[in-house]
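In my numbering, the protein residues as written are 2 to 82.
Read through the structure below, which is laid out as structure tokens, and then see the notes.
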């Protein structure tokens, strides 16, 4: 007799993966304030790099990506100076 329960994934473990992923991410921060500070800064930067790929041709996507990297490089240089 084969034990099927050992080979099949436990449904409770996989019931809500997005929620579990969020929980794992929030555990990385020491406090809610630290998480909020990260999200605030990350949101402003991520807008540069999250292009709507499905609306752009490959050439225009590469151009937009290069512009974003250039802007980020300039900003990082200003912050370092």
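Every residue, glycine too, gets a C-beta built ideally from N, C-alpha and C.
| Query | Result |
| --- | --- |
| Do residue 50 and residue 69 count as a contact pair if the criterion is CB distance below 8 Å? | yes |
| Under 8 Å, do residue 65 and residue 57 count as touching if we go by C-beta distance? | yes |
| Give the straight-line distance between the Cα atoms of residue 47 and residue 75, rounded to the nearest whole angstrom. | 16 Å |
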